[in-house]
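So our numbering is basically just the index in the sequence shown, starting at one, shifted up by 5.
Glycine included, each C-beta is placed from N, C-alpha and C at the ideal position.
To start, the structure itself, in structure tokens.
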Amino acid sequence: MSPRTDIELVEQANTAFYEAIERGDHEAMSELWLDGQVSVVHPGWPVLRGRSEVLRSYALIMANTEYIQFFLTDVEIDVVADTALVTCTENILSGGPAEEDGSVGPLIGQLVVATNVFRRTEDGWRVWSHHGSPVLADRDDEDDEDGPDDDDEGVGGLPGGL
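Right, dumping it as structure tokens:
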């Protein structure tokens, strides 16, 4: 297959991976992973090895997440022979259970940088490893929320902007 076709197929497999999580579809998630030695690192979790441990972790996440949606950015895909590396930023919007009065639970946003490794099989590209690390807030960004800095020059040398 041509490298372009491989990249497109890996992109489809990567998209299917995130769609399975969004739908809470454990069966689809199971079909996406290789048999045998696989690994996953969820943000804040230790490394999990082996297909049963990995799939159990996704079952727990799916069972305890009322709503989740991924907006992937900065997606880069490299394919060498039968191995593909995908790096991306997961812009995650998730929600907890509904409030006691039946209203929608709180929505929470989170940024995670992820590395997904795929292997080519007779059945297509399968996940070999997933590693997600949280993106910590930049201290400068937090300071900017309070207003313009004293040393921030605006138009004509005046502090701040217009």
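Grab the span of the beta strand (DSSP E) containing H136 for me, first residue to last.
-> 129-139
Could you check where the beta strand (DSSP E) with V84 kicks off and where it finishes?
-> 72-85
Between the Cα of V84 and those of A119, G137, R124, spot the shortest distance and give me the residue it belongs to.
-> R124
In whole angstroms, what separates the C-alpha of G161 from that of H47?
-> Residue placement at G161 is flagged as unreliable, the pLDDT there being 42, under the threshold of 50; the coordinate-derived value follows with that caveat. Cα-Cα distance, rounded: 49 Å.
D40 versus V140, H135, R131, residue with shortest Cα-Cα distance = R131
Collapsed DSSP secondary structure at N121 in the structure displayed | strand
Going by DSSP, what residues sit across from Q115 in a beta bridge?
-> I97
Do the CB positions of P111 and E71 come within less than 8 Å of each other?
-> no
In chain order, what residues of the same chain lie with their CB nearer than 8 Å to the CB of S134, ignoring the 5 residues before and after it?
-> V43, S44, V45, T120, N121, V122
According to DSSP, what are the bridge partners of S44?
-> R54, S134
Excluding five sequence neighbours on each side, which residues of the same chain lie with their C-beta closer than 6 Å to the C-beta of G114?
-> L98
Count the other CB atoms, across all protein chains shown, that sit within 10 Å of the CB of A68; report buried if there are 16 or more and exposed otherwise.
-> exposed
Could you have a look at A89 and say whether DSSP puts it in helix, strand or coil?
-> strand
Around the C-beta of A142, are 16 or more other C-beta atoms found within 10 angstroms, so that it is buried, or is it exposed?
-> exposed
Name the one or two DSSP bridge partners that T126 has.
-> G129
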